[in-house]
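K.L.:
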Amino acid sequence: MASLSPAQAIAAVTAALAQLPPAESIPESDRLQLLGVMDQVRVAMEPPILTARNLCFAHYGLVGIRGRFPPDHRAVGGDGQGRKLRCVRSAIDGSSVGRILRLLAANHLVIQAADQTYQPLPLALGFTTGSPLAEVIKHFYTNMRASAFLDEYLASHEYRNPEDAWNAPFQWAYQTQEHHFAWLQTHPEDQHAFNVVMGLNRQLDGAQWFDVYPVEDKLRVSPHRVRLVDVGGGLGHDVARCKARFPDMPGKLVVEDLPAVIREIQTPLGEDVEAIACDMFAAQPVHGAKAYYLRTVLHDWPDQQALQVLGRIHEAMAEDSVLLVNENTLPEQAAPAGSVAVDILMMELYASLERTEKQWIDLLQRAHFTVVKVWRAESQGVGSHALYEAVPVGRAL
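Residue 236 in our numbering is what sits at position 231 of the sequence shown, and the numbering runs on without skipping anything.
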(Lines of atoms letter the chains of each structure in order from A; the text may use other names.)
(Lines give C-alpha, C1' and ligand atoms only; values in the text may rest on other atoms or scores of the structure.)
Protein backbone atom coordinates (compact mmCIF):
# COMPACT_ATOMS: atom_id res chain seq x y z
CA MET A 6 0.00 0.00 0.00
CA ALA A 7 1.47 3.35 -1.06
CA SER A 8 2.30 5.85 1.64
CA LEU A 9 0.32 9.06 1.90
CA SER A 10 2.02 12.30 1.03
CA PRO A 11 2.30 14.79 3.91
CA ALA A 12 -0.58 16.82 2.43
CA GLN A 13 -2.73 13.71 2.08
CA ALA A 14 -1.94 12.63 5.66
CA ILE A 15 -2.90 16.04 7.01
CA ALA A 16 -6.14 15.99 5.02
CA ALA A 17 -6.99 12.47 6.20
CA VAL A 18 -6.41 13.23 9.87
CA THR A 19 -8.30 16.54 9.59
CA ALA A 20 -11.24 14.77 7.95
CA ALA A 21 -11.27 12.09 10.62
CA LEU A 22 -11.31 14.71 13.37
CA ALA A 23 -14.24 16.48 11.74
CA GLN A 24 -16.24 13.23 11.71
CA LEU A 25 -15.64 12.27 15.34
CA PRO A 26 -18.83 11.98 17.41
CA PRO A 27 -19.09 13.95 20.67
CA ALA A 28 -16.62 12.56 23.21
CA GLU A 29 -19.33 11.86 25.79
CA SER A 30 -21.10 9.54 23.31
CA ILE A 31 -18.02 7.32 22.84
CA PRO A 32 -17.63 4.38 25.27
CA GLU A 33 -14.74 4.84 27.68
CA SER A 34 -12.78 1.85 26.35
CA ASP A 35 -13.06 3.16 22.77
CA ARG A 36 -12.02 6.67 23.84
CA LEU A 37 -8.90 5.31 25.50
CA GLN A 38 -8.08 3.23 22.43
CA LEU A 39 -8.56 6.28 20.20
CA LEU A 40 -6.30 8.37 22.41
CA GLY A 41 -3.68 5.62 22.15
CA VAL A 42 -3.82 5.75 18.35
CA MET A 43 -3.53 9.56 18.42
CA ASP A 44 -0.51 9.27 20.68
CA GLN A 45 1.11 6.86 18.21
CA VAL A 46 0.67 9.50 15.49
CA ARG A 47 2.27 12.13 17.72
CA VAL A 48 5.24 9.88 18.55
CA ALA A 49 5.75 9.03 14.88
CA MET A 50 5.68 12.67 13.76
CA GLU A 51 7.27 14.57 16.64
CA PRO A 52 10.88 15.73 16.10
CA PRO A 53 13.26 14.94 18.99
CA ILE A 54 13.77 18.58 19.95
CA LEU A 55 10.00 19.02 20.37
CA THR A 56 9.83 15.85 22.47
CA ALA A 57 12.58 17.21 24.69
CA ARG A 58 10.83 20.56 25.01
CA ASN A 59 7.52 18.94 25.93
CA LEU A 60 9.21 16.84 28.60
CA CYS A 61 10.96 19.87 30.06
CA PHE A 62 7.86 22.06 30.10
CA ALA A 63 5.30 19.41 31.10
CA HIS A 64 4.94 20.64 34.67
CA TYR A 65 4.12 24.24 33.83
CA GLY A 66 0.46 23.50 33.21
CA LEU A 67 0.26 22.27 36.80
CA VAL A 68 2.12 25.35 37.99
CA GLY A 69 -0.28 27.63 36.14
CA ILE A 70 -3.47 26.08 37.46
CA ARG A 71 -2.11 26.04 41.00
CA GLY A 72 -0.98 29.68 40.73
CA ARG A 73 -2.17 31.98 43.52
CA PHE A 74 -4.17 35.07 42.50
CA PRO A 75 -6.08 37.82 44.31
CA PRO A 76 -9.66 36.58 44.86
CA ASP A 77 -11.11 38.79 42.07
CA HIS A 78 -8.59 37.53 39.53
CA ARG A 79 -8.64 33.77 40.05
CA ALA A 80 -7.67 32.16 36.76
CA VAL A 81 -10.75 29.97 36.76
CA GLY A 82 -12.92 31.90 39.20
CA GLY A 83 -15.46 33.37 36.82
CA ASP A 84 -17.60 36.45 37.24
CA GLY A 85 -19.92 35.08 39.91
CA GLN A 86 -21.85 33.00 37.40
CA GLY A 87 -18.84 31.11 36.08
CA ARG A 88 -19.07 32.46 32.54
CA LYS A 89 -16.27 35.00 32.07
CA LEU A 90 -12.84 35.74 33.41
CA ARG A 91 -12.07 39.44 33.59
CA CYS A 92 -8.53 40.67 33.93
CA VAL A 93 -8.34 44.42 33.30
CA ARG A 94 -5.16 45.95 31.96
CA SER A 95 -4.43 47.73 35.24
CA ALA A 96 -4.32 44.34 36.97
CA ILE A 97 -2.04 42.84 34.34
CA ASP A 98 0.48 45.66 34.21
CA GLY A 99 3.21 44.92 36.71
CA SER A 100 1.44 41.74 37.86
CA SER A 101 1.91 38.02 37.35
CA VAL A 102 -1.82 37.47 36.81
CA GLY A 103 -1.87 38.17 33.09
CA ARG A 104 1.19 36.02 32.51
CA ILE A 105 -0.39 33.06 34.29
CA LEU A 106 -3.64 33.53 32.36
CA ARG A 107 -1.62 33.57 29.14
CA LEU A 108 -0.05 30.26 30.19
CA LEU A 109 -3.51 28.78 30.78
CA ALA A 110 -4.61 29.99 27.35
CA ALA A 111 -1.63 28.21 25.78
CA ASN A 112 -2.73 25.05 27.61
CA HIS A 113 -6.27 25.29 26.19
CA LEU A 114 -8.02 26.12 29.46
CA VAL A 115 -9.04 29.70 28.60
CA ILE A 116 -9.35 31.80 25.45
CA GLN A 117 -7.73 35.22 25.40
CA ALA A 118 -9.59 38.11 23.74
CA ALA A 119 -8.09 41.37 22.53
CA ASP A 120 -9.69 43.35 25.37
CA GLN A 121 -7.88 41.26 28.02
CA THR A 122 -11.05 39.33 28.81
CA TYR A 123 -10.50 35.61 29.21
CA GLN A 124 -13.28 33.20 28.37
CA PRO A 125 -12.95 29.83 30.15
CA LEU A 126 -13.32 26.64 28.20
CA PRO A 127 -15.55 23.98 29.82
CA LEU A 128 -12.59 22.16 31.38
CA ALA A 129 -11.36 25.34 33.09
CA LEU A 130 -14.60 25.69 35.04
CA GLY A 131 -13.92 22.28 36.54
CA PHE A 132 -10.89 23.74 38.32
CA THR A 133 -12.77 26.35 40.33
CA THR A 134 -11.60 26.71 43.93
CA GLY A 135 -12.84 23.84 46.07
CA SER A 136 -13.84 21.64 43.12
CA PRO A 137 -12.61 18.03 42.98
CA LEU A 138 -10.25 18.78 40.08
CA ALA A 139 -8.80 21.73 41.98
CA GLU A 140 -8.06 19.35 44.86
CA VAL A 141 -6.33 17.00 42.40
CA ILE A 142 -4.09 19.86 41.28
CA LYS A 143 -3.34 20.79 44.89
CA HIS A 144 -2.40 17.18 45.70
CA PHE A 145 0.01 16.74 42.79
CA TYR A 146 1.45 20.21 43.18
CA THR A 147 2.45 19.21 46.71
CA ASN A 148 3.95 15.97 45.40
CA MET A 149 5.95 17.84 42.76
CA ARG A 150 8.46 19.01 45.35
CA ALA A 151 9.39 15.38 46.04
CA SER A 152 9.91 14.88 42.30
CA ALA A 153 12.36 17.77 42.25
CA PHE A 154 14.52 15.98 44.85
CA LEU A 155 14.34 12.50 43.31
CA ASP A 156 17.64 12.53 41.41
CA GLU A 157 19.54 14.06 44.33
CA TYR A 158 18.09 11.42 46.64
CA LEU A 159 18.90 8.50 44.33
CA ALA A 160 22.44 9.75 43.71
CA SER A 161 23.08 9.93 47.45
CA HIS A 162 21.83 6.34 47.81
CA GLU A 163 23.86 4.98 44.87
CA TYR A 164 20.63 4.61 42.88
CA ARG A 165 19.38 1.73 45.01
CA ASN A 166 15.63 1.24 45.27
CA PRO A 167 14.44 3.04 48.42
CA GLU A 168 13.05 0.62 51.01
CA ASP A 169 12.66 2.77 54.14
CA ALA A 170 9.15 4.26 54.32
CA TRP A 171 10.48 7.06 56.55
CA ASN A 172 13.41 7.92 54.29
CA ALA A 173 12.06 8.65 50.82
CA PRO A 174 12.49 11.68 48.54
CA PHE A 175 9.41 13.17 50.27
CA GLN A 176 11.28 13.45 53.58
CA TRP A 177 14.22 15.10 51.82
CA ALA A 178 11.99 17.58 50.02
CA TYR A 179 9.98 18.63 53.08
CA GLN A 180 12.82 18.24 55.58
CA THR A 181 10.74 16.07 57.87
CA GLN A 182 11.14 12.73 59.60
CA GLU A 183 7.40 12.09 59.43
CA HIS A 184 5.90 9.52 57.11
CA HIS A 185 3.79 11.10 54.37
CA PHE A 186 0.55 9.89 55.98
CA ALA A 187 1.53 11.33 59.36
CA TRP A 188 2.52 14.59 57.66
CA LEU A 189 -0.90 14.76 56.00
CA GLN A 190 -2.64 14.54 59.37
CA THR A 191 -0.98 17.79 60.43
CA HIS A 192 -1.75 19.50 57.09
CA PRO A 193 -5.56 19.40 56.81
CA GLU A 194 -5.78 20.99 53.35
CA ASP A 195 -3.38 18.43 51.90
CA GLN A 196 -5.16 15.61 53.74
CA HIS A 197 -8.47 16.71 52.23
CA ALA A 198 -6.93 16.91 48.75
CA PHE A 199 -5.48 13.40 49.18
CA ASN A 200 -8.89 12.03 50.22
CA VAL A 201 -10.57 13.64 47.20
CA VAL A 202 -7.98 12.17 44.83
CA MET A 203 -8.47 8.69 46.29
CA GLY A 204 -12.21 8.99 45.67
CA LEU A 205 -11.81 10.29 42.12
CA ASN A 206 -9.43 7.45 41.25
CA ARG A 207 -12.35 5.08 41.59
CA GLN A 208 -14.24 6.95 38.87
CA LEU A 209 -11.49 6.13 36.37
CA ASP A 210 -11.83 2.40 36.79
CA GLY A 211 -13.63 0.03 34.49
CA ALA A 212 -15.46 -2.84 36.16
CA GLN A 213 -15.39 -2.98 39.94
CA TRP A 214 -13.93 -5.91 41.89
CA PHE A 215 -17.39 -7.17 42.82
CA ASP A 216 -18.35 -7.27 39.15
CA VAL A 217 -15.81 -10.05 38.53
CA TYR A 218 -15.63 -11.75 41.94
CA PRO A 219 -18.55 -14.06 42.89
CA VAL A 220 -19.52 -12.10 46.01
CA GLU A 221 -22.90 -13.75 46.55
CA ASP A 222 -21.40 -17.24 46.36
CA LYS A 223 -18.20 -16.66 48.33
CA LEU A 224 -19.05 -13.99 50.89
CA ARG A 225 -22.48 -15.04 52.16
CA VAL A 226 -22.64 -14.94 55.97
CA SER A 227 -25.16 -14.76 58.81
CA PRO A 228 -26.73 -11.34 59.53
CA HIS A 229 -24.66 -10.84 62.70
CA ARG A 230 -21.26 -11.58 61.20
CA VAL A 231 -18.94 -9.07 59.55
CA ARG A 232 -19.01 -9.85 55.86
CA LEU A 233 -16.16 -7.57 54.78
CA VAL A 234 -13.55 -5.33 56.42
CA ASP A 235 -12.17 -2.65 54.10
CA VAL A 236 -8.69 -2.06 55.56
CA GLY A 237 -7.43 1.42 54.72
CA GLY A 238 -10.76 2.07 53.04
CA GLY A 239 -10.60 5.87 53.05
CA LEU A 240 -13.99 7.55 53.03
CA GLY A 241 -15.81 4.27 52.45
CA HIS A 242 -16.31 4.52 48.69
CA ASP A 243 -15.80 0.79 48.06
CA VAL A 244 -17.97 -0.26 50.99
CA ALA A 245 -20.76 2.05 49.82
CA ARG A 246 -20.58 0.69 46.28
CA CYS A 247 -20.55 -2.91 47.47
CA LYS A 248 -23.57 -2.27 49.68
CA ALA A 249 -25.42 -0.62 46.78
CA ARG A 250 -24.56 -3.53 44.48
CA PHE A 251 -25.76 -6.16 46.97
CA PRO A 252 -28.33 -4.34 49.15
CA ASP A 253 -30.02 -7.50 50.45
CA MET A 254 -26.94 -9.53 51.35
CA PRO A 255 -26.74 -10.25 55.08
CA GLY A 256 -23.75 -9.34 57.18
CA LYS A 257 -22.04 -6.18 58.37
CA LEU A 258 -19.51 -4.06 56.53
CA VAL A 259 -16.61 -2.22 58.15
CA VAL A 260 -14.35 0.52 56.80
CA GLU A 261 -11.08 1.20 58.64
CA ASP A 262 -8.61 4.05 58.27
CA LEU A 263 -6.62 6.63 60.20
CA PRO A 264 -8.59 8.97 62.49
CA ALA A 265 -8.04 12.03 60.25
CA VAL A 266 -9.57 10.14 57.31
CA ILE A 267 -12.50 8.66 59.22
CA ARG A 268 -13.38 12.13 60.53
CA GLU A 269 -13.88 13.31 56.93
CA ILE A 270 -16.67 10.80 56.27
CA GLN A 271 -19.72 13.03 55.91
CA THR A 272 -22.21 10.91 53.97
CA PRO A 273 -23.84 8.17 56.10
CA LEU A 274 -22.64 4.79 54.90
CA GLY A 275 -25.71 2.86 56.11
CA GLU A 276 -26.96 1.15 59.25
CA ASP A 277 -25.02 -2.05 58.61
CA VAL A 278 -21.75 -0.20 57.95
CA GLU A 279 -19.33 0.78 60.71
CA ALA A 280 -16.39 3.18 60.34
CA ILE A 281 -13.47 2.44 62.67
CA ALA A 282 -10.46 4.69 63.25
CA CYS A 283 -7.43 2.47 63.71
CA ASP A 284 -3.81 1.79 62.82
CA MET A 285 -3.46 -1.12 60.39
CA PHE A 286 -0.01 -1.88 61.83
CA ALA A 287 -1.58 -2.52 65.24
CA ALA A 288 -3.78 -5.49 66.12
CA GLN A 289 -6.73 -5.82 63.76
CA PRO A 290 -9.83 -4.72 65.74
CA VAL A 291 -12.25 -6.98 63.83
CA HIS A 292 -11.66 -10.70 64.27
CA GLY A 293 -13.28 -13.49 62.28
CA ALA A 294 -14.67 -11.49 59.38
CA LYS A 295 -15.51 -13.41 56.25
CA ALA A 296 -13.29 -11.19 54.06
CA TYR A 297 -10.51 -8.68 54.65
CA TYR A 298 -10.18 -6.36 51.69
CA LEU A 299 -7.40 -3.93 50.75
CA ARG A 300 -7.63 -1.66 47.74
CA THR A 301 -4.49 0.15 46.59
CA VAL A 302 -3.25 0.17 50.18
CA LEU A 303 -0.21 -2.09 50.07
CA HIS A 304 1.29 -0.32 47.06
CA ASP A 305 1.87 2.63 49.44
CA TRP A 306 4.31 0.54 51.47
CA PRO A 307 7.61 -1.22 50.80
CA ASP A 308 7.73 -4.96 51.47
CA GLN A 309 8.66 -4.71 55.15
CA GLN A 310 5.61 -2.70 56.14
CA ALA A 311 3.30 -4.47 53.66
CA LEU A 312 4.20 -7.77 55.34
CA GLN A 313 3.38 -6.26 58.75
CA VAL A 314 -0.09 -5.23 57.57
CA LEU A 315 -0.72 -8.65 56.08
CA GLY A 316 0.50 -10.28 59.28
CA ARG A 317 -2.05 -8.37 61.38
CA ILE A 318 -4.82 -9.52 59.08
CA HIS A 319 -3.55 -13.10 59.16
CA GLU A 320 -3.78 -13.06 62.97
CA ALA A 321 -7.43 -11.97 62.90
CA MET A 322 -8.75 -14.42 60.31
CA ALA A 323 -11.20 -17.22 61.03
CA GLU A 324 -10.99 -20.70 59.50
CA ASP A 325 -13.09 -19.63 56.51
CA SER A 326 -11.85 -16.05 56.11
CA VAL A 327 -10.43 -14.87 52.80
CA LEU A 328 -8.05 -12.06 51.89
CA LEU A 329 -8.89 -9.88 48.89
CA VAL A 330 -6.13 -7.59 47.62
CA ASN A 331 -7.33 -5.24 44.87
CA GLU A 332 -4.22 -3.63 43.44
CA ASN A 333 -2.56 -1.91 40.53
CA THR A 334 -0.56 -4.55 38.72
CA LEU A 335 2.22 -3.58 36.34
CA PRO A 336 2.54 -5.72 33.21
CA GLU A 337 5.95 -7.29 32.76
CA GLN A 338 6.29 -5.52 29.39
CA ALA A 339 4.88 -2.39 27.73
CA ALA A 340 3.59 -0.84 30.94
CA PRO A 341 1.37 2.18 30.20
CA ALA A 342 2.66 5.68 30.92
CA GLY A 343 0.16 6.38 33.69
CA SER A 344 1.06 3.19 35.56
CA VAL A 345 4.82 3.78 35.44
CA ALA A 346 4.28 7.38 36.56
CA VAL A 347 2.41 6.10 39.62
CA ASP A 348 5.30 3.70 40.25
CA ILE A 349 7.70 6.66 40.43
CA LEU A 350 5.22 8.53 42.64
CA MET A 351 5.16 5.58 45.04
CA MET A 352 8.96 5.68 45.17
CA GLU A 353 9.01 9.44 45.83
CA LEU A 354 6.37 9.57 48.56
CA TYR A 355 6.60 6.18 50.24
CA ALA A 356 9.79 4.38 49.16
CA SER A 357 7.35 1.87 47.71
CA LEU A 358 6.45 0.58 44.25
CA GLU A 359 3.85 -0.65 41.79
CA ARG A 360 4.25 -4.43 41.71
CA THR A 361 3.88 -6.94 38.91
CA GLU A 362 1.64 -9.99 39.33
CA LYS A 363 4.72 -12.08 40.11
CA GLN A 364 5.79 -9.61 42.80
CA TRP A 365 2.31 -9.55 44.37
CA ILE A 366 2.13 -13.33 44.53
CA ASP A 367 5.63 -13.47 46.01
CA LEU A 368 4.70 -10.88 48.66
CA LEU A 369 1.55 -12.79 49.64
CA GLN A 370 3.47 -16.05 49.86
CA ARG A 371 6.03 -14.46 52.18
CA ALA A 372 3.10 -13.31 54.34
CA HIS A 373 2.03 -16.99 54.59
CA PHE A 374 -0.88 -16.77 52.17
CA THR A 375 -1.71 -18.98 49.22
CA VAL A 376 -3.16 -17.21 46.19
CA VAL A 377 -6.34 -19.02 45.17
CA LYS A 378 -6.98 -17.03 42.01
CA VAL A 379 -6.16 -13.73 40.34
CA TRP A 380 -9.38 -12.11 39.11
CA ARG A 381 -9.33 -9.53 36.31
CA ALA A 382 -11.99 -7.54 34.50
CA GLU A 383 -12.08 -7.22 30.73
CA SER A 384 -12.52 -3.45 31.13
CA GLN A 385 -9.53 -2.10 33.04
CA GLY A 386 -10.35 1.62 32.82
CA VAL A 387 -7.13 3.62 32.99
CA GLY A 388 -5.50 1.32 35.51
CA SER A 389 -4.33 -2.29 35.55
CA HIS A 390 -6.19 -3.64 38.53
CA ALA A 391 -6.22 -7.26 39.60
CA LEU A 392 -7.98 -8.89 42.56
CA TYR A 393 -5.83 -11.41 44.42
CA GLU A 394 -7.92 -13.92 46.37
CA ALA A 395 -5.82 -15.62 49.05
CA VAL A 396 -6.15 -17.81 52.12
CA PRO A 397 -3.67 -18.71 54.88
CA VAL A 398 -1.10 -21.31 53.88
CA GLY A 399 -2.21 -24.83 54.67
CA ARG A 400 -5.93 -24.31 54.25
CA ALA A 401 -7.65 -26.59 51.73
CA LEU A 402 -8.51 -24.68 48.56
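For every residue, glycine included, the Cβ atom is placed at its ideal position computed from N, Cα and C.
Predicted model, so just to flag it, every value in this text is computed and none were measured.
Measuring alpha carbon to alpha carbon, tell me which of Ala382, Gly238, Ser10 and Leu40 ends up nearest glycine 204.
P.N.:
If we check each option's Cα against that of glycine 204, Gly238 comes out closest.
K.L.:
Could you please give the first and the last residue of the uninterrupted alpha helix (DSSP H) stretch that includes glutamate 3?
P.N.:
Residue 3 cannot be examined here, being either before or after the span of the chain that is shown, 6 to 402.
K.L.:
Go ahead and label phenylalanine 62 buried or exposed: buried means 16 or more other beta carbons lie within 10 angstroms of its beta carbon, across all protein chains shown.
P.N.:
Phenylalanine 62 is exposed by the Cβ-count criterion.
K.L.:
Run through the region 20 to 57 for me and flag every whole alpha helix (DSSP H) of 4 or more residues, listed as ranges in chain order.
P.N.:
Within the region 20 to 57, the complete alpha helix (DSSP H) runs of at least 4 residues are 33 to 50.
K.L.:
Where do the ends of the alpha helix (DSSP H) carrying aspartate 107 lie?
P.N.:
Here residue 107 turns out to be arginine, not aspartate, going by the sequence shown. That run of the alpha helix (DSSP H) goes 102 to 111.
K.L.:
If you check the beta carbons only, do leucine 328 and phenylalanine 374 fall under 8 Å apart?
P.N.:
Taking 8 Å as the Cβ cut-off, leucine 328 and phenylalanine 374 qualify as a contacting pair.
K.L.:
Leaving out the 5 sequence neighbours to the left and right, which residues in its chain are closer than 7 Å to valine 220 when beta-carbon positions are compared?
P.N.:
Contacts found: Phe251.
K.L.:
For alanine 117, report the span of its beta strand (DSSP E) as first-last.
P.N.:
Here residue 117 turns out to be glutamine, not alanine, going by the sequence shown. Where glutamine 117 is concerned, the enclosing beta strand (DSSP E) stretches over 115 to 117.
K.L.:
Quick one: grab the DSSP three-state call for histidine 319.
P.N.:
The answer is helix: DSSP assigns histidine 319 an H, G or I state.
K.L.:
For valine 260 versus leucine 274, is the C-beta distance shorter than 8 Å?
P.N.:
Closer than 8 Å, so yes.
K.L.:
Kindly indicate the opening and closing residues of the alpha helix (DSSP H) around isoleucine 366.
P.N.:
Taken as a continuous stretch (DSSP letters only), the alpha helix (DSSP H) holding isoleucine 366 covers 362 to 371.
K.L.:
For serine 326 and glycine 293, I'd like the C-alpha separation in whole angstroms.
P.N.:
Distance between the alpha carbons of serine 326 and glycine 293: 7 Å.
K.L.:
Report the three-state DSSP secondary structure of isoleucine 281 (helix, strand or coil).
P.N.:
Three-state DSSP puts isoleucine 281 in a strand.
K.L.:
How many angstroms separate the CA atom of tyrosine 146 from the CA atom of serine 10?
P.N.:
Using only the alpha carbons, I get a separation of about 43 Å.
K.L.:
If we count Cβ pairs, one from each stretch, closer than 8 Å, do we get three or more for the region 164 to 180 versus the region 336 to 354?
P.N.:
With the cut-off at 8 Å, the region 164 to 180 and the region 336 to 354 touch.
K.L.:
Skipping 5 residues on each side, what residues in its chain have a beta carbon closer than 6 Å to that of arginine 73?
P.N.:
Bear in mind that a pLDDT of 48 at arginine 73, under 50, signals an unreliable position, so the model cannot answer this.
K.L.:
Given a cut-off of 8 Å, decide if leucine 303 and valine 330 are closer than it, judged by their beta-carbon atoms.
P.N.:
Yes, Cβ-Cβ distance for valine 330 and leucine 303 is below 8 Å.
K.L.:
Less than 6 Å between C-beta atoms, sequence neighbours within five positions excluded: which residues of the same chain meet that for alanine 372?
P.N.:
Cβ neighbours of alanine 372 beyond the five flanking positions: Leu312 and Leu315.
K.L.:
Evaluate asparagine 59 with the Cβ neighbour count: other Cβ atoms within 10 Å of its Cβ, from every protein chain shown; 16 or more gives buried, anything less gives exposed.
P.N.:
When all chains shown are included, asparagine 59 counts as exposed.
K.L.:
Whole-angstrom Cβ separation of histidine 390 and asparagine 333, contact assumed at under 8 Å?
P.N.:
That pair is a contact at about 6 Å.
K.L.:
Let me check you understand the geometry: is the CB of glycine 66 closer than 7 Å to at least one non-hydrogen atom of the ligand ZN?
P.N.:
Of the ligands one can find in the structure shown there are none, so the ligand ZN has no counterpart to examine.
K.L.:
If you draw a straight line from the C-alpha of alanine 111 to the C-alpha of leucine 155, how long is it?
P.N.:
Spanning the two alpha carbons is a distance of roughly 28 Å.
K.L.:
If the criterion is Cβ atoms closer than 8 Å, does the pair leucine 368 and tyrosine 298 meet it?
P.N.:
No. Outside cutoff.
K.L.:
In three-state DSSP terms, what is proline 307?
P.N.:
Coil at proline 307, not helix or strand.
K.L.:
Give the secondary structure of arginine 150 by DSSP, where H, G and I count as helix, E and B as strand, and everything else as coil.
P.N.:
Looking at arginine 150 - three-state DSSP - the assignment turns out to be helix.
K.L.:
In angstroms, rounded to a whole number, what distance separates the CA positions of cysteine 247 and phenylalanine 215?
P.N.:
Their Cα atoms are separated by approximately 7 Å.
K.L.:
Measuring only the C-alpha atoms, how far is glutamine 124 from glutamate 337?
P.N.:
For glutamine 124 and glutamate 337, the distance between alpha carbons rounds to 45 Å.
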